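Input: a single structure, listed below in structure tokens.
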Amino acid sequence: MATLAELQTMATQVRRDILRMVYNVQSGHPGGSLGCADYFTAVFFHFMKHNPAAFDMQARNQDAFFLSNGHISPAYYSVLARSGYFPVPELNTFRKLNSRLQGHPATHEGLPGIRVATGSLGQGLSVAAGMALQKKLDKDPHTIWVLTGDGELQEGQAWEAIMYAAHNKLDNMLVAVDFNKQQIDGSTVDIMGFSELGNKFASFGWEVVQMDGNNMQEILTVVPQAQARLGMGKPVVIIMKTEMGQGVDFMTGTHAWHGKAPNAEQFDNAMAQLPVTELGDY
Amino acid sequence: MIKFEVTAQKDTRSGFGEGLLELGRQNDQVVALCADLTGSLMMDAFKNEFPHRFFQAGIAEANMMGLAAGLATGGKIPFTGTFANFSTGRVYDQIRQSIAYSDKNVKICASHAGLTLGEDGATHQILEDLGLMKMLPGMVVINPCDFNQTKAATIAIAAHHGPVYLRFGRPKWPVFTPADQKFVIGKALMLNEGTDVSIFATGHMVWKAIQAGEALAEKGISAEIVNIHTIKPLDAEAVLNSARKTRCVVTAEEHQMNGGLGDSIAQLLARNLPLPVEMVAVNDSFGESGKPEELLVKYHLDTPDIVAAAERVMARK
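Line by line, the protein sequences are chains L and C.
Every letter in the first sequence is one number past the one before it in my numbering, and letter 281, counting from 1, is 919.
Every letter in the second sequence is one number past the one before it in my numbering, and letter 91, counting from 1, is 92.
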């Protein structure tokens with residue numbers, strides 16, 4: 639458990655990590671990573687019951703986390719490293735040859751903390767539902783945490799999983815949708831929007847909670863409310879409003895930074911907006 | 002030519018169903034998933050005996066593959082069941098990313114493969130599945146020849162850690178392998194030793210190859226017949242040893258010529274022992290509705306086609 643101030647500091651450090659990783663290799667997805675930095679931090683450093691020092695693929699007697707929108711791997715890698723799954727300096731290998739930190743998360747290189755490859759979108763909810771089934775079968779009361787993008791929900795498989803989880807009462811699943819309304823080609827409102835996303839989940843039989851995913855105080859209030867609804871016969875979804883690029887002014891309000899690395903000048907500008915923390919850069 | 006006794010006419014999918022039930026009794030980590038084809042896949046017995054370990058996915062195969070990956074992540078040994086078409090092409094990316102690349106211990110069990118699905122026609126008669134699956138790194142690809150072998154293979158793959166594609170079919174087919182056989186993944190089975198031509202067959206075509214061997218024997222041709230039940234990993238030693246002896250090769254499969262067993266054997270020979278090869282397979286065509294035997298005749302997958310291929314390839318020596 640961590641204090642609000644500690645979590646806010648960690649989220650700032652995670653954002654610094656994201657920018658440094660993406661800038662370092664001039665490749666990767668900073669926008670969504672920055673937008674989800676607060677939620678990732680809260681889940682990995684406050685809510686999730688896990689044992690980073692001894693990664694167990696099977697997550698026996700602990701929670702498991704799945705990132706469905708695998709392209710926001712910089713944020714995922716940062717919280718995995720800083721919570722103890724692997725050494726923080728390894729963040730420096732992101733997207734480089736022979737690294738365990740692949741462009742999109744993968745199990746193939748044996749990076750502790752990753753349970754399935756993601757990146758081809760729409761698959762994470764299904765895999766998470768499978769592990770939720772396994773936990774029920776083995777009478778393990780722990781929670782399956784999932785983060786999925788909103789644009790990703792354009793994939794039909796996501797709705798297969800959403801239908802399945804409700805029908806089969808997978809009330810050990812806590813899913814957050816990164817509702818930033820942006821995707822590569824533009825705004826989801828223009829491309830294929832979800833103005834009634836919460837209602838869609840509700841009509842499929844899910845418990846729906848709304849939250850500002852860039853307000854740590856609100857995250858600390860709302861996530862426990864979502865957790866309190868677990869175990870009552872329905873899977874739970876948090877529709878989490880975020881800003882793509884949150885924390886860096888020129889990266890917000892646009893889809894432009896979905897998958898683009900900053901140049902030197904932009905990097906300096908961005909880093910100047912994120913104060914150095916006592917945690918230190920990798 | 003060894004005489005093979007046909008002990009029964011049974012569908013290979015029923016061998017899967019019996020094997021799965023036996024596995025369920027042996028190993029409580031074995032779970033099964035099906036996408037609304039429980040009866041067709043002969044999974045009812047497992048479902049009835051182990052209702053808590055059976056998961057009905059509905060008509061949502063992509064999700065079923067993901068569920069299987071998740072169950073495997075938690076330590077279960079999931080067996081998915083649907084038609085071969087919906088077990089492969091429909092869910093290729095799910096298998097590729099969530100199962101194969103993620104090294105999940107999922108057994109993809111696929112019925113109604115090939116032309117012998119029959120009357121349902123080309124929409125369901127997948128002839129590309131072996132190729133799709135064998136291209137995936139780490140995927141084991143198995144196509145047993147009869148009921149007994151399918152049952153033995155079903156039981157054997159549970160002990161192999163990693164993704165497996167197990168292909169079987171719908172029609173009643175001669176049963177000629179022993180009921181008590183031990184199935185060894187990747188180990189080809191010598192059915193009949195010969196000296197003039199090697200016939201490497203898989204799945205339903207193994208029986209056709211045996212019949213072809215008998216017809217060739219009547220013509221004074223000594224055919225070596227090998228059952229390649231495992232397409233990947235291919236038993237290279239068995240193939241090369243046979244080819245060294247006979248100096249010419251016929252392959253037979255209920256699959257497209259592109260990407261199937263013939264391709265695998267031709268590649269092996271091209272790299273190690275270049276020899277003439279003839280392939281009995283579907284030649285870049287979709288199937289159509291009809292009775293299984295009618296289709297095998299029309300698409301040149303019948304006994305006389307193997308005989309003709311053997312004579313052609315011997316002439317090329």
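Where a beta carbon is used, it is the ideal one built from N, C-alpha and C, also for glycine.
On a predicted model such as this, the values are computed, not experimentally measured, just so you know.
message: Residues of chain C with CB closer than 8 Å to the CB of His-746 of chain L, please, in chain order.
response: Tyr-102, Ser-103, Asp-104
Contacting residues, own chain, Cβ-Cβ under 6 Å from Leu-190 of chain C (five flanking each side not counted): Asn-228
- prompt: Going straight from the alpha carbon of Ala-766 of chain L to that of Asp-130 of chain C, what length do you get?
  reply: 27 Å
Where Ser-286 of chain C falls, given that 16 or more other Cβ within 10 Å makes a residue buried: exposed
task: Could you have a look at Phe-888 of chain L and say whether DSSP puts it in helix, strand or coil?
output: helix
- prompt: Using a Cβ-Cβ distance under 9 Å, would Glu-798 of chain L count as near chain C?
  reply: yes
- prompt: Under 9 Å between the Cβ atoms of Thr-745 of chain L and Tyr-102 of chain C?
  reply: yes
- prompt: Hey, quick one: how far does the beta strand (DSSP E) through Glu-255 of chain C stretch, first residue to last?
  reply: 250-257
task: Over the uninterrupted beta strand (DSSP E) stretch that includes Met-849 of chain L, give me the two end residues.
output: 845-850
Beta-carbon separation (whole angstroms), Thr-606 of chain L vs Asp-701 of chain L, contact threshold 8 Å: Residue 606 of chain L cannot be examined here, being either before or after the span of chain L that is shown, 639 to 920.
message: Going by DSSP in three states, Arg-867 of chain L sits in which element: helix, strand or coil?
response: coil
message: Could you tell me the alpha carbon to alpha carbon distance between Lys-299 of chain C and Asp-37 of chain C, rounded to whole angstroms?
response: 31 Å
- request: Could you round the C-beta distance between Ile-232 of chain C and Thr-252 of chain C to whole angstroms and report it? I think they count as a contact, below 8 Å.
  value: Incorrect: roughly 11 Å between the Cβ atoms, too far for contact.
query: So Lys-233 of chain C is in the alpha helix (DSSP H); what residue range does that whole segment cover?
result: Taken as a continuous stretch (DSSP letters only), Lys-233 of chain C belongs to no alpha helix (DSSP H), being part of the beta strand (DSSP E) at 231-233.
message: Less than 9 Å between the beta carbons of Gly-260 of chain C and Gly-132 of chain C, yes or no?
response: yes
query: Using the C-alpha atoms, what's the distance from Leu-771 of chain L back to Glu-903 of chain L?
result: 49 Å
field: Residues near Ala-692 of chain L in its chain [Cβ-Cβ closer than 8 Å; skip 5 each side]
entry: none
message: Check whether the region 71-81 of chain C and the region 22-33 of chain C are in contact - that is, three or more C-beta pairs closer than 8 Å.
response: yes
query: Any idea if Val-914 of chain L is buried or exposed, counting beta-carbon neighbours within 10 angstroms, 16 or more meaning buried?
result: exposed
- prompt: Does DSSP classify Gly-824 of chain L as helix, strand or coil?
  reply: strand
message: Using beta carbons (cut-off 9 Å, strictly below), is Ala-267 of chain C in contact with chain L?
response: no
task: Within 10 angstroms of the Cβ of Pro-52 of chain C, are there 16 or more other Cβ atoms? Answer buried if so, exposed if not.
output: exposed
query: Distance, Cα to Cα, Ile-822 of chain L vs Val-717 of chain L?
result: 24 Å
message: Beta-carbon within less than 7 Å of Met-695 of chain L's beta-carbon, same chain only, minus the 5 sequence neighbours each way: which residues are those?
response: Arg-753
- request: Would you mind telling me which residues of chain A sit closer than 7 Å to Ala-69 of chain C, beta carbon to beta carbon, in chain order?
  value: Absence of chain A from the displayed structure is noted, the protein chains being L and C.
query: Alpha carbon to alpha carbon, what distance is there between His-125 of chain C and Asp-94 of chain C?
result: 19 Å
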